[in-house]
Amino acid sequence: TRRDSIKARLGYVNVHSDNFGGGEIRGQLLHEAVAYFYTPLSGAEQTPAVNTAAVGAAALEYTGSSAIISGSFNGLSSALATQIRGGSHLHGAMAGSNGGIITDLVVTSSDSLNGVYQPANNNYSVSQGWMDTVRNRMTYINVHSANFGGGEIRGQFRPLSQNLYAANLRGKNSTSPRESSGTGLILVEQNGTNFASSGSFNNLEGDFATSVAGGAHIHLGMPGMNGGILIGLNSEVGDDLKSAIFLADSNQVTVPDSVMMMIAAGNTYVNIHSSTVMSGEIRGQVLPEINMAPADVAFVSPASGDTITISGDLTMTFAAEWDSSVDPNDNKVVYIWQLSVTPDFSAPAIAINTGESTAFETTFGAVDTLLGLLDIDSGEVVTVYHRVVASDGSLCSSATVDSVYLVKGISTSIKENPYFDQIFTLYPSPAKSEINLEITMKQGAVGDLYILDLSGKILRRERSQLHVGNNIISKDISGIQPGTYITQLVVNGNITAAQKFTKL
208 TRRDSIKARL GYVNVHSDNF GGGEIRGQLL HEAVAYFYTP LSGAEQTPAV
258 NTAAVGAAAL EYTGSSAIIS GSFNGLSSAL ATQIRGGSHL HGAMAGSNGG
308 IITDLVVTSS DSLNGVYQPA NNNYSVSQGW MDTVRNRMTY INVHSANFGG
358 GEIRGQFRPL SQNLYAANLR GKNSTSPRES SGTGLILVEQ NGTNFASSGS
408 FNNLEGDFAT SVAGGAHIHL GMPGMNGGIL IGLNSEVGDD LKSAIFLADS
458 NQVTVPDSVM MMIAAGNTYV NIHSSTVMSG EIRGQVLPEI NMAPADVAFV
508 SPASGDTITI SGDLTMTFAA EWDSSVDPND NKVVYIWQLS VTPDFSAPAI
558 AINTGESTAF ETTFGAVDTL LGLLDIDSGE VVTVYHRVVA SDGSLCSSAT
608 VDSVYLVKGI STSIKENPYF DQIFTLYPSP AKSEINLEIT MKQGAVGDLY
658 ILDLSGKILR RERSQLHVGN NIISKDISGI QPGTYITQLV VNGNITAAQK
708 FTKL
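Positions 208 to 711 (the numbering used here) are the ones given, in order, by the sequence shown.
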């Protein structure tokens, strides 16, 4: 009967509008309770995030003595992993961290890819302390599948809010993409002009830089761009100095309408600063939930298996082009192109955020310099791997890896060099304000020192007279943006050596 359906939480109110014919706002009919909590379920809330089409939602009603959970999920990529204590549980941890099971949840499922949390089967006696844990955003539902044993979709319980946002934190989201072990997730709840933030991060490579105005902030800026601080975030730093949690009670702010509109438009991001990367080691765009990753893209050129000979005019264009991505949430999409000498991309030689451009362009001269950094001599052939990921600033698509063959055919080998026997020494790296280059010359020469970005663009040039014996050249880099750069030494116009360095 209709009464039984409503008692089973199967009824909801839907309000349709001209812009949203399927419904603009909706609310589930729940029983009278002391407090209500809600969470969407998606791969975006997993740690790390999982790219999946599966979605769901759950509500928790607190009656004063019991917690009643109801909801559903659908579209798992593989069967619910019922062998893992039934396949779904309530866990204890902040968003961005993984925690132990608090209680198993009972899932009613007819085909193993979809499931329902029936309130009659998910009614638990709870203490006031148990509910304080829920209020502090320290509980989440996890749904395990055969493909994702650690969990395919997940959702953090929060009080009812007007709008929910999430920012997945990773090094790849920075304007100068980096491979960082750090990960995290910040959730933002909106009620009018009031915003509450909660979550955590873990495993930074550097120590959390609380000296940088507290170390964590919400900034103004679209994906691929940097901007000023809008909201400071208050943290509780872990004993290892590489992790922190953000409690909602300590991160409640009221903002002007202009900031509220920036957040709603996806034009803000969370940035976590560290001692290794003072400008920000991990970052994530604040985007509405449920958020899905952009679609994968394929390369247009060069074709997989092509052979490219780096010879002739150093100013000739070397380019990689790919198809455009489509974002299922209509978020802005930027692209990250990576080049590596290993197919697992464990240490990319180049990682460039190309913005909205579907191409990366550099010069043959820059590629020749890169091959020199990889100790590739003239005439040698090297297999390099490249890939591109589409990103909305929070979630990234998966990437198809292509390979090409590069033949180095331009510069004189260091081993044959009449001016020096080995490439110069560069220190320190990472560096904050100055780098030093040390080189021993076999004969005097004029040296041109270049600093280039990874696209091959020359940022600085300085000419020096190099003498027989040991030479030390100091270079001020305080005016250069944080990132990875190439220092190139050209001796008498045509003899080249190069080193990479990182600017903090």
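Where is the CB? At the ideal position from N, CA and C, for every residue including glycine. Values in this document were obtained by computation on a predicted structure and should not be read as measured data.
One or two residues paired with residue i in a DSSP bridge
i	result
residue 654	671, 698
residue 764	No answer is possible for residue 764: it lies beyond the span of the chain, which begins at 208 and ends at 711.
residue 321	Answer is none; residue 321 lacks a bridge partner.
residue 610	592
residue 648	676
residue 516	614
residue 443	452
residue 402	397, 460
residue 490	377, 478
Burial state of residue i, where buried means 16 or more other Cβ atoms lie within 10 Å
i	result
residue 533	exposed
residue 601	buried
residue 227	exposed
residue 345	buried
residue 563	exposed
residue 695	buried
residue 236	exposed
residue 490	buried
residue 673	buried
residue 367	exposed
residue 232	exposed
residue 229	exposed
residue 710	buried
residue 617	With a pLDDT of 48 at residue 617, under the threshold of 50, the predicted position of this residue should be treated as unreliable, though the coordinate-derived value follows. So residue 617 ends up on the buried side.
residue 149	As displayed, the chain neither begins before 208 nor continues past 711, which places residue 149 out of reach and without an answer.
residue 328	exposed
residue 418	exposed
residue 542	buried
residue 409	buried
residue 264	buried
residue 622	Unreliable positioning characterises residue 622 in this predicted model, as indicated by a pLDDT of 46, which lies under 50. The coordinate reading is nonetheless provided below. With fewer than 16 Cβ atoms within 10 Å of its Cβ, residue 622 is classed as exposed.
residue 634	exposed
residue 688	exposed
residue 588	exposed
DSSP state of residue i mapped onto helix, strand, coil
i	result
residue 571	helix
residue 379	helix
residue 717	With the chain running from 208 to 711 in the structure shown, residue 717 is simply not present.
residue 257	coil
residue 472	coil
residue 741	One cannot answer for residue 741 here, as it falls past the ends of the chain, which runs 208 to 711.
residue 283	coil
residue 326	helix
residue 578	helix
residue 620	Reliability fails at residue 620, whose pLDDT of 44 lies under 50, so the model's placement of it is uncertain and no value is given.
residue 311	strand
residue 466	helix
residue 252	helix
residue 217	coil
residue 241	coil
residue 225	coil
residue 528	strand
residue 502	coil
residue 550	coil
Beta strand (DSSP E) segment containing residue i, residue limits
i	result
residue 533	It is not in any beta strand (DSSP E) - residue 533 carries neither H nor E in the DSSP assignment.
residue 627	Looking at the DSSP string, residue 627 is not in any beta strand (DSSP E), and its letter there is neither H nor E.
residue 267	262-269
residue 639	That residue, residue 639, is in no beta strand (DSSP E); it is neither H nor E in DSSP.
residue 363	360-363
residue 560	557-562
residue 234	232-235
residue 396	390-398
residue 296	295-299
residue 424	423-427
residue 354	Here residue 354 belongs to no beta strand (DSSP E), and DSSP marks it neither H nor E.
residue 506	506-508
residue 350	346-350
Terminal residues of the alpha helix (DSSP H) in which residue i lies
i	result
residue 541	Careful: residue 541 lies outside any alpha helix (DSSP H), inside the beta strand (DSSP E) at 541-547.
residue 335	335-342
residue 209	209-214
Inter-residue CB distance, residue i and residue j (contact presumed, cutoff 8 Å)
i	j	result
residue 708	residue 638	6 Å
residue 269	residue 338	6 Å
residue 547	residue 555	5 Å
residue 404	residue 395	5 Å
residue 473	residue 479	With a Cβ gap of about 19 Å, residue 473 and residue 479 do not count as contacting.
residue 306	residue 299	4 Å
heavy atom of the ligand PLP below 6 Å from residue i C-beta
i	result
residue 688	Of the ligands one can find in the structure shown there are none, so the ligand PLP has no counterpart to examine.
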